[in-house]
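Below you'll find the structure, written out as structure tokens, and then a few comments.
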Amino acid sequence: MQNQLLIYNTLTRTKEKFEPIHKGMVGLYVCGPTVYSDVHMGNCRTFISFDLIYRYLLHLGFKVRYVRNITDAGHLEGDRDEGDDKFEKKARLEQLEPMEIVQKYTLGFHDVMREFNTLPPSIEPTATGHICEQIEMVKQIIANDYAYEVNGTIYFDVEKYNTKFNYGQLTNRMLDDLIGGTRELGGQDEKRGRLDFALWIKAKPEQIMRWPSPWGWGFPGWHIECSAMSSKYLGKTFDIHGGGMDLQATHHTNEIAQSQACNHKAPVKYWMHTNMLTVNGVRMSKTANNGFLPSELFSGNHPLLEKGYSPMGVRFFMMQTHYRSTLDFSNEALQASEKGYARLIASIKTLESLKPSISSGIFLNEHIKACYDAMNDDFNTPVLIAELFEIARYINLANDGKTPLTESDINGLKKLMHNFVFDVLGLRSETSNTENDKALQGVMEIILEIRKEIKTRKDFAVSDKLRDDLSKINITIKDTKDGAIWSI
Ligand code: AMP
Ligand code: ZN
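So that you can map any letter, position 444 of the sequence shown is 1485 in this note's numbering, and since no number is skipped, the others follow by simple counting.
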């Protein structure tokens, strides 16, 4: 039933058979968020894509150790070791301790991930919790002669590294080409080569987030964090490393170089990169200031949004595009996705009440195979969803008495829909549960009764306040000639 899983490997630019290093087990590392501000929808796209990948690997029966880090130190504003530390800058702006910034945005990130029904990773290591491991790694790279110290800062020597290894391997670029794309070193520059990057950075006197090291007080570079944490939990060579495509050229290229230089081994077998969420064709990012937050998307409270969208409608919208294609945001596409998602869920409900026939009008195994084929082809969710819609069409035909389904067909379809819609795509039914509905109905009847009494006493200010306050939480009260009625 299940064919071989193929994964597009950025390293080789081909779809390859997925063969884990240790049979039955998968080590998966994904670069997590830099928690100095709220995650925007672009970030969410990457994390939701890897949630799908994690879910499918679990579904196939692999024992997966999924490590997704939290970057809570060492991320400077510029990609080339320049600019302010993002945490310290935000801390000054919000008048908080840097670690309060970290705590605030980590909690926010977790809330958002829960809303989108993503599974928590197996390990969520923080950069600040792994300073010793990073220092050890830098020491080893210096010992192996691929890094040098200038005045308390340690730089990685890219040109030296490239004499033995291929620095531009991940992006398929030659070193000269890469050097040509960077600015020349200025007189103040401590670096030997234009592509050299910091492994450890000397702290400025005012720096709060700083640690002692053999080279004095400082803090780790952003790239060394991921190398140290991935090798600690997954080994010197592990199966899959993922992140957004924007990380390929610098962050991931540097991760490979550091790990090779330290361990004399390629760190990762399969590199996976998700494509970008764009707004009018422009990549959504904090710097482009074209991002919107999940909370804005849910409430509809943003100039770009015609209305609010439910988390599962948004997740379904993302799943309708392959993770390696760009996804452009639009209200029309989101609204179409909401409808499609509702149609799929409705068909699963219909399945529950179908009356079995004695004859069968469906080749169930072919449909099951089509679902696995889609997912085995580098997690092709748009093809999977087209197949699920085809199955929904059968269910509706059966409901109209136009296609017979046996009891075994119905059970098979229930299993298929459950596996792919809920377990793999990670959707959940959003219709509220009946217990809560009943409780809300009861509470609203009590409130309307009290409001009636208030109005009889002619205390209109209080009765209006009650109506307005309820409206703020999206409950509308309408006074009709037969009394007040409420709706959501
Ligand atoms: P950051 O918090 O900036 O380190 O980013 C966290 C993750 O979000 C990284 O894997 C980025 O590649 C990814 N990312 C950032 N912007 C976008 C975007 N517009 N679309 C998809 N992924 C993104
Ligand atoms: Zn990383």
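By construction, the Cβ of each residue, glycine as well, lies at the ideal position given by its N, Cα and C atoms.
Going by DSSP, Y1077 is part of no beta strand (DSSP E) at all; its letter is neither H nor E.
Boundaries for L1466: no alpha helix (DSSP H) harbours it, and the DSSP string shows neither H nor E there. If you ignore the 5 residues before and after H1081, its C-beta comes within less than 7 Å of the C-beta of M1325, K1327, G1332, F1333, L1334, all in its own chain and listed in chain order.
Check the Cα spacing between L1511 and each of R1356, E1494, L1489: the tightest is with L1489. N1044 and Y1413 do touch by the CB rule: their CB atoms are close to 7 Å apart, below 8 Å.
With a cutoff of 8 Å on beta-carbon distance, G1402 and L1093 are scored as not near each other.
About 7 Å separates the CB atoms of K1277 and P1308; that is less than 8 Å, so the two are in contact.
Set against 7 Å, the gap from the CB of R1324 to the closest heavy atom of the ligand AMP is smaller.
The beta carbon of S1366 lies closer than 8 Å to those of N1316 in the same chain, with the five residues before and after it left out. With fewer than 16 other beta carbons inside 10 angstroms of its own, P1253 counts as exposed. Assigned with DSSP and collapsed to three states, D1450 falls in helix. At the C-beta level, F1461 and R1469 stay beyond 8 Å of one another. Distance check between F1150 and each of A1132, T1391, Q1136, E1165 places E1165 closest, using alpha-carbon atoms only. Setting aside the 5 residues that flank it on each side, N1304 is surrounded in the same chain by K1277, each with a C-beta closer than 6 Å to its C-beta; the list follows chain order.
For G1276, DSSP records no beta bridge to any residue. With respect to L1375, Y1350 sits close: the two C-beta atoms are nearer than 8 Å. A residue is called buried once 16 or more other Cβ atoms fall within 10 Å of its Cβ, and P1255, having fewer, is exposed. The alpha-carbon separation between W1263 and N1192 amounts to approximately 19 Å. Remark: the shortest separation between the CB of M1360 and any heavy atom of the ligand AMP does not fall under 7 Å.
In this structure, I1432 keeps its C-beta atom at 8 Å or more from the C-beta atom of L1395.
Inter-residue distance for M1485 and E1494 is about 14 Å (C-alpha atoms, whole angstroms).
Within its own chain, the residues whose Cβ lies closer than 7 Å to the Cβ of L1438, once the five positions on either side in sequence are excluded, are T1444, listed in chain order. Annotated three-state conformation of L1052 is coil, per DSSP. At least 8 Å separates the beta-carbon of V1503 from that of Y1097. A distance below 8 Å separates the beta carbons of I1089 and M1359. Under the three-state reduction of DSSP output, M1485 falls in the helix class. Beta-bridge analysis with DSSP links L1457 to no other residue. For P1261, the enclosing beta strand (DSSP E) begins and ends at 1259-1261. In this structure, the C-beta of H1314 stays at least 7 Å away from each heavy atom of the ligand ZN.
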